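Inspection log for the structure reproduced underneath, given as structure tokens.
Protein chains: 2
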Amino acid sequence: MKKVTTGCLIIIGNEILSGRTQDTNLQHLAKALNEVGVRMVHARVIPDVEDIIVETVNECRKAYDNVFTTGGIGPTHDDITADCIAKAFGKALYLHPDIEAIIRKREAPPEVMASRLRMARVPEDSVLIDNPTGGPQGFQIGNVYVMAGVPMVMQAMVSTLTKERLGGGEPVRSRSVGAYLSEGQVAVPLGEIQDRHPDVDLGSYPFYRQDGYGTNLVMRGTDEAELDVMLEEVRQMIVGFGQEPFED
Amino acid sequence: MKKVTTGCLIIIGNEILSGRTQDTNLQHLAKALNEVGVRMVHARVIPDVEDIIVETVNECRKAYDNVFTTGGIGPTHDDITADCIAKAFGKALYLHPDIEAIIRKREAPPEVMASRLRMARVPEDSVLIDNPTGGPQGFQIGNVYVMAGVPMVMQAMVSTLTKERLGGGEPVRSRSVGAYLSEGQVAVPLGEIQDRHPDVDLGSYPFYRQDGYGTNLVMRGTDEAELDVMLEEVRQMIVGFGQEPFED
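Chains as they are written, first to last, in the working numbering: chain G, 4 to 251; chain W, 4 to 251.
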């Protein structure tokens with residue numbers, strides 16, 4: 004396998020673990036990373052607990068090229084992500100003037116402003132992550148990117164992260180095709196195709212619909228020519244079973 | 004905090020990490036576990052790679068009361084979960100006669116049957132997890148519950164896991180209320196309410212709608228009387244800001 008730039012997402016939030024909120028940030032980030040040549044290879048969902056956040060960040064930032072966090076950067080008592088990141092890096096927090104300026108644009112009573120200004124605190128040596136929604140920015144320290152949990156804000160922040168900033172490689176592309184064949188039917192020939200193309204990830208995903216059950220076959224890799232060859236092999240395999248391949 | 008029975012979900016599947024598939028199993032399992040008094044406190048998403056699966060299972064089964072896995076138990080080359088669980092426990096795989104019987108009910112050519120019978124392999128000392136869809140069962144070994152990744156099948160398997168089997172405690176209940184107040188506005192009084200009720204988890208979740216922005220406030224715990232007291236405190240706080248609390 005070629006050297007790939009890896010990504011890891013740490014989703015911080017009791018609301019995901021309790022089932023109250025359906026996470027969608029993982030899928031959004033994964034797709035965005037494909038475009039800038041970073042492969043998401045690991046994700047965790049952890050609660051709003053200081054020791055756990057600190058330990059998880061320190062473990063993951065050693066193991067992966069880029070680590071992203073979502074959640075816990077609002078103004079309330081359960082928003083402790085900035086504190087935990089600072090602790091993980093052994094840095095102090097300070098009020099970043101650019102974030103403070105954005106927060107102070109909207110007037111508020113002193114007590115409310117004090118809570119909102121918690122969102123301006125970043126660890127020393129951080130670089131900001133722009134927030135095109137106009138709200139407070141996120142921040143990057145080392146290889147850790149700290150972003151909002153609200154999907155609209157998180158997506159805005161992700162849109163500003165370039166391939167250069169993330170050290171990404173070639174974009175990850177995919178091909179896919181479906182057939183009304185069971186996974187059991189295609190298992191052996193599929194394994195043979197995978198063996199011939201070790202640099203491409205070939206997955207099979209069963210589906211169950213009103214009109215029958217079948218399997219979607221998905222190839223992922225960075226070499227478009229090889230993906231096209233492999234797609235043709237998979238299509239021929241399907242035709243060999245007397246079935247019509249269709250667009251997944 | 005009272006002793007709680009903990010749960011951890013390991014989502015096995017490149018298709019989740021690549022962004023191709025939106026996971027919904029975490030939310031479904033989390034809600035089901037609330038009902039049987041088990042708290043999901045950790046989740047991971049990992050690729051279909053043997054060493055990673057084995058290591059993750061061994062790490063998590065020591066750390067949490069119940070560990071659940073989804074994905075990787077189909078008949079194809081990338082379905083390696085059963086092999087990895089067996090390796091993690093130092094057990095051999097064998098063909099379970101009850102699963103084999105279900106698979107053989109549907110006729111198939113020998114090669115296809117051989118692939119499908121991969122799904123009958125379970126580690127020694129496993130106990131089956133029923134599959135009310137009529138397909139192959141999952142299995143439990145020690146405190147690890149191995150289930151399908153397809154949501155319909157996974158949900159059917161989860162529906163068979165009782166409080167007694169999982170060693171669950173009191174069901175986790177929640178109360179929630181919304182207000183057109185920013186998180187910054189409620190931050191200080193909310194922190195005070197949380198401090199008075201350390202056994203209840205109080206979270207605040209901002210929302211942005213056409214008619215304005217606001218915050219949903221969610222309380223989670225096992226003591227219904229305390230939840231009701233706390234809900235009333237939160238409602239009074241909202242009224243104190245001159246706002247009308249509404250159903251979340």
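The C-beta atom is built at its ideal place from N, Cα and C for all residues, glycine as well.
From a predicted model like this one, the values you see are computed outputs, not experimental measurements.
How would you list, in chain order, the residues of chain G whose beta-carbon sits under 8 Å from the beta-carbon of residue i?
| i | result |
| --- | --- |
| Glu18(W) | Gly206, Tyr208 and Val221 |
| Val153(W) | Pro209 and Tyr211 |
| Gly194(W) | Thr79 and His80 |
In three-state DSSP terms, what is residue i?
| i | result |
| --- | --- |
| Arg289(W) | Nothing about residue 289(W) can be reported from this structure: the residues present for chain W run from 4 to 251 only. |
| Pro201(W) | coil |
| Asn134(W) | coil |
| Val39(G) | coil |
| Glu235(W) | helix |
| Thr59(G) | helix |
| Gln246(W) | coil |
| Gly10(G) | strand |
| His45(W) | strand |
| Ser207(G) | strand |
| Gln143(W) | strand |
| Ile269(G) | A question about residue 269(G) goes unanswered here, because the residues of chain G that appear run from 4 up to 251. |
| Met4(W) | With a pLDDT of 49 at Met4(W), under the threshold of 50, the modelled position of that residue is not reliable, and the figure given next carries that caveat. Coil at Met4(W), not helix or strand. |
| Ile83(W) | coil |
| Arg64(W) | helix |
| Ala104(W) | helix |
| Arg119(G) | helix |
Identify the contact partners of residue i in chain G, using a Cβ-Cβ distance below 9 Å as the criterion.
| i | result |
| --- | --- |
| Arg47(W) | His45, Ala46, Arg47 and Val48 |
| Glu281(W) | No information on residue 281(W) is available, as it lies outside the stretch 4 to 251 that chain W covers here. |
| Ala111(W) | Ser185, Gly187 and Gln188 |
Which residues bound the beta strand (DSSP E) around residue i?
| i | result |
| --- | --- |
| Pro139(W) | Careful: Pro139(W) lies outside any beta strand (DSSP E) and carries neither H nor E. |
| Phe71(W) | Asn69 to Thr73 |
| Ala182(W) | Arg176 to Ala182 |
| Arg223(W) | Gly215 to Gly224 |
| Leu96(W) | Leu96 to Leu98 |
Please list, in chain order, the chain G residues whose beta carbon lies closer than 7 Å to that of residue i.
| i | result |
| --- | --- |
| Gly22(W) | Gln30, Ala33, Lys34 and Asn37 |
| Gln197(W) | His80 |
Specify, as a first and last residue, the run of the alpha helix (DSSP H) that residue i falls within.
| i | result |
| --- | --- |
| Met160(G) | Pro154 to Val161 |
| Arg168(G) | Lys166 to Leu169 |
Whose Cβ in chain W lies nearer than 8 Å to the Cβ of residue i?
| i | result |
| --- | --- |
| Thr27(G) | Gln25 |
Residues bridged to residue i by DSSP?
| i | result |
| --- | --- |
| Pro50(G) | The partner list for Pro50(G) (beta bridge, DSSP) is empty, contrary to what the question assumes. |
| Met150(G) | Thr73(G) |
| Ile15(W) | Ile49(W) |
| Val189(G) | For Val189(G), which the question treats as bridged, DSSP gives no partner whatsoever. |
| Pro126(W) | Leu96(W) |
| Arg23(G) | According to DSSP, which records beta bridges pairwise, Arg23(G) is partnered with nothing at all. |
Find the residues of chain W that neighbour residue i, judging by a C-beta separation of less than 7 Å, and give them in chain order.
| i | result |
| --- | --- |
| Glu114(G) | Val191 |
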